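Written out below as structure tokens is the structure these notes cover.
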Amino acid sequence: MIWRSVVGKLWATILLFFSFVLFILTLLLMQFLNNYLVNQVTNTLTNTAAKIAVILEQHDDLHFGLEVAWEILDDVTKVIIVTDENHMYYSSTTDANHFDLSYFTEDKELSRVFSENEVVKKDILLPDNGDKDNKQKEEALMIGVPLEKFSNKKGAVFIYQSLDVMKETTTTTTRLIWGAAFIAFVLTTVFAFFLSTRISSPLIKMREVAFEVANGEFDTKVPILTNDEIGELATAFNQMRKRLKVNMNALNQEKEQLSSILSSMADGVFMFNRDGKIIVKNPPAERFLHHWYYEQENVQLDVVPTKVLELFHQAIEGKKEQIGDISLQGRYWSVIVSPLYNNEKIRGAVAVLRDMTEEREMDKLRKDFVANVSHELRTPIAMLQGYSEALMDDVASSEEERKEIATVINEESLRMGRLVNELLDLARMESGHLRLREEIVMVQPFMEKIVKKFAGLAKDNQLELQLALHLNEVEWEFDPDRMEQVLTNLIDNAIRHTGEGGLVEVNARNSHNSLIIEVKDNGTGIPSEDLPFVFERFYKADKARTRGKSGTGLGLAIAKNIVDSHHGSIDVRSKLGQGTTFTILIPRKS
Numbered sequence: 001m002i003w004r005s006v007v008g009k010l011w012a013t014i015l016l017f018f019s020f021v022l023f024i025l026t027l028l029l030m031q032f033l034n035n036y037l038v039n040q041v042t043n044t045l046t047n048t049a050a051k052i053a054v055i056l057e058q059h060d061d062l063h064f065g066l067e068v069a070w071e072i073l074d075d076v077t078k079v080i081i082v083t084d085e086n087h088m089y090y091s092s093t094t095d096a097n098h099f100d101l102s103y104f105t106e107d108k109e110l111s112r113v114f115s116e117n118e119v120v121k122k123d124i125l126l127p128d129n130g131d132k133d134n135k136q137k138e139e140a141l142m143i144g145v146p147l148e149k150f151s152n153k154k155g156a157v158f159i160y161q162s163l164d165v166m167k168e169t170t171t172t173t174t175r176l177i178w179g180a181a182f183i184a185f186v187l188t189t190v191f192a193f194f195l196s197t198r199i200s201s202p203l204i205k206m207r208e209v210a211f212e213v214a215n216g217e218f219d220t221k222v223p224i225l226t227n228d229e230i231g232e233l234a235t236a237f238n239q240m241r242k243r244l245k246v247n248m249n250a251l252n253q254e255k256e257q258l259s260s261i262l263s264s265m266a267d268g269v270f271m272f273n274r275d276g277k278i279i280v281k282n283p284p285a286e287r288f289l290h291h292w293y294y295e296q297e298n299v300q301l302d303v304v305p306t307k308v309l310e311l312f313h314q315a316i317e318g319k320k321e322q323i324g325d326i327s328l329q330g331r332y333w334s335v336i337v338s339p340l341y342n343n344e345k346i347r348g349a350v351a352v353l354r355d356m357t358e359e360r361e362m363d364k365l366r367k368d369f370v371a372n373v374s375h376e377l378r379t380p381i382a383m384l385q386g387y388s389e390a391l392m393d394d395v396a397s398s399e400e401e402r403k404e405i406a407t408v409i410n411e412e413s414l415r416m417g418r419l420v421n422e423l424l425d426l427a428r429m430e431s432g433h434l435r436l437r438e439e440i441v442m443v444q445p446f447m448e449k450i451v452k453k454f455a456g457l458a459k460d461n462q463l464e465l466q467l468a469l470h471l472n473e474v475e476w477e478f479d480p481d482r483m484e485q486v487l488t489n490l491i492d493n494a495i496r497h498t499g500e501g502g503l504v505e506v507n508a509r510n511s512h513n514s515l516i517i518e519v520k521d522n523g524t525g526i527p528s529e530d531l532p533f534v535f536e537r538f539y540k541a542d543k544a545r546t547r548g549k550s551g552t553g554l555g556l557a558i559a560k561n562i563v564d565s566h567h568g569s570i571d572v573r574s575k576l577g578q579g580t581t582f583t584i585l586i587p588r589k590s
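To convert, note that position 33 of the sequence shown is 33 in full-length UniProt numbering; the numbers rise steadily by one, no gaps.
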């Protein structure tokens, strides 16, 4: 609404102020004119009465003096002359019906002209003239002037004039004053509206620009229409807008840089306020929270993990960095919480979560590797040491016993050599130093050669070894020596873990993009809890297997590294007591 705007308020203020002043001025002016008219009429009547008194005093002939006196009167002025207690003279014949001598002598104010010999003035109501239709009495102003010539006889000149003429003059003057006031009010209204619009127009424009600036539009300028204080305000506003734009751009750049830094960090970052509420978090921190919410039940999404919250309170209370560990969903995080200061007051804290799962796994692998190597080497070294001491002490009494001891020493040496070679091969593969010699291989002859190599071993173990090929393409590109090493390990394991009368199948098929090879047996199988670990070094599902049949425990780890080097994959499916299936997928070279 207009009354809520600056234009309306300024306009209304000017109008109210001017209307008040104009109203007071009009009342004072009307009062002044009314008093002025009364004084003018009073003075005129007094002067006229004084002239008549002078005329009567200067002429001895009373009747002549009266005729001269009647000549100086106008149409609205009437005179009554009292010469003594018995004689009264009227300028109008109607006055004889209105007034008698008792009217003057008995009136308290008018009688003073006789008793005190002074000029008197009184507002009177003219006596009723006998007109029954006009019941309203007429007001008049009467002046009494004493006649010194007839002072001893109590003479006086009474002159009066109806106030209707004065009222008509006052009414006309009042109308003129009110008309002038109305015109002044209209002109003031127009002027006030023009002035308020002139003043408020730049303010309205500044308001519009201020809203645009609040919405992020910093390019709109306030037009400078005047050179006064409002123009200076517009100039200052434009300078503030430019400075604000520069500051906002700088803040946005810093915000984007901080967001980019937080998003690119591998560590999770939380920022807390003083109340422990999360106000900033990056994607790794969000993933950590999702894991925590998944593990907990009936937890609100804005709840901070208990361990992190404990470290936060310790950091706030102790005013120093706090460190802790969290285990969640099989992963491990190291948490560092540091207080944030605003001058000397703590305004919150920042928590950094580093995923230490890989480091812990590597540390565990290192410890397991040392333990497994020590375990694998301890037995052959002990046997070598024992049999060599037997030879040195001439425990073997016959040549046959010495050959048997030498055979054992040779087998254990070969076993140690295979272990060391496999460890070296695995180390080279994991360090990325394995170089593949890829070539185009005829798949069917390649598979038949490998299966044929194990035909004798299968026959010795009294089980059946089958090869099934379903090939759409007869050629594929891979390293034949390394793939032969993989398949040899898988088929050897399948034969060793399948009992008499069992079946080992080797299947090969290909699609447009992949070569798929399966080694399947119906042997003892692998327990489900051991399946995730079969490709780890030195891992053996059957802890009770004899040393002679178990091998080094590195074959599957080497096989997985060879397949990974071909950008392929190797998976295992097994049920305890039903058998095991290893599936190799080798993608086509692009």
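The beta carbon of each residue, even a glycine, is placed where N, CA and C say it ideally should be.
Fair warning: this is a prediction, and the values are worked out from it, not measured in the lab.
Sorting 575, 567, 573 and 269 by C-alpha distance to the C-alpha of residue 585 places 567 at the top.
Taking C-beta atoms under 8 Å as the contact rule, residue 165 and residue 76 qualify, at a distance of about 6 Å.
Taking each of 455, 257, 73 and 410 in turn and checking the Cα distance to residue 45, the smallest one comes out for 73. Ranked by Cα distance from residue 176, the first of 116, 310, 314 and 26 is 26. Boundaries around residue 583 are those of the beta strand (DSSP E), 579-587, since no alpha helix (DSSP H) includes it. Cβ atoms of residue 315 and residue 338 come within 8 Å of each other, at about 6 Å. For residue 266, the three-state secondary structure derived from DSSP is coil. Residue 285 and residue 554 have their alpha carbons spaced roughly 37 Å apart. Residue 55 and residue 124 have their C-alpha atoms some 26 Å from each other. Residue 244 and residue 227 have their C-alpha atoms some 24 Å from each other.
Distance from the CA of residue 442 to the CA of residue 473, rounded to the nearest whole angstrom, comes to 9 Å. DSSP, read as helix, strand or coil, puts residue 479 in coil. The DSSP-derived three-state label of residue 111 is coil.
If you look at residue 77, you'll find it in the beta strand (DSSP E) that goes 77-82. Of 328, 332 and 311, the smallest CA-CA separation from residue 322 is found for 311.
Nearest C-alpha to residue 500 among 527, 513 and 458: 458. Judged by DSSP secondary structure, residue 444 falls within the alpha helix (DSSP H) whose first and last residues are 443-453. In this chain, the beta strand (DSSP E) harbouring residue 325 covers 322-328. Between the alpha carbons of residue 50 and residue 190 lies a gap of roughly 54 Å. The three-state secondary structure of residue 486, taken from DSSP, is helix. DSSP lists 505 as the beta-bridge partner residues of residue 466. The beta carbon of residue 81 is closer than 6 Å to those of 89 and 157 in its chain, skipping five residues each way along the sequence. Residue 281 and residue 217 have their C-alpha atoms some 29 Å from each other.
Counting C-beta pairs closer than 8 Å gives three or more between the segment 565-582 and the segment 522-536, which meets the contact rule. Between residue 571 and residue 583 the beta-carbon gap is near 5 Å, inside 8 Å, which marks them as a contact. The DSSP-derived three-state label of residue 435 is coil.
If you ignore the 5 residues before and after residue 126, its C-beta comes within less than 7 Å of the C-beta of 98, 137, 138 and 140, all in its own chain and listed in chain order. Non-local beta-carbon contacts of residue 19 in its own chain, meaning distances under 7 Å to residues more than five positions away in sequence, involve 185 in chain order. Counting C-beta atoms within 10 angstroms of its own C-beta, residue 78 has 16 or more neighbours from the protein chains shown and is therefore classed as buried.
Less than 8 Å separates the beta-carbon of residue 355 from that of residue 331. The Cβ neighbour count for residue 120, taken over all protein chains shown within 10 Å, is at least 16; the residue is labelled buried. Taking a C-beta distance under 8 Å as the contact criterion, residue 353 and residue 446 do not qualify as a contact pair.
Per DSSP, reduced to three states, the secondary structure at residue 336 is strand.
The C-beta distance from residue 466 to residue 404 rounds to 39 Å, too long to meet the 8 Å contact threshold.
When C-beta atoms of the segment 251-268 are compared with those of the segment 229-241, fewer than three pairs fall below 8 Å, so the two segments do not count as touching.
The DSSP-derived three-state label of residue 356 is coil.
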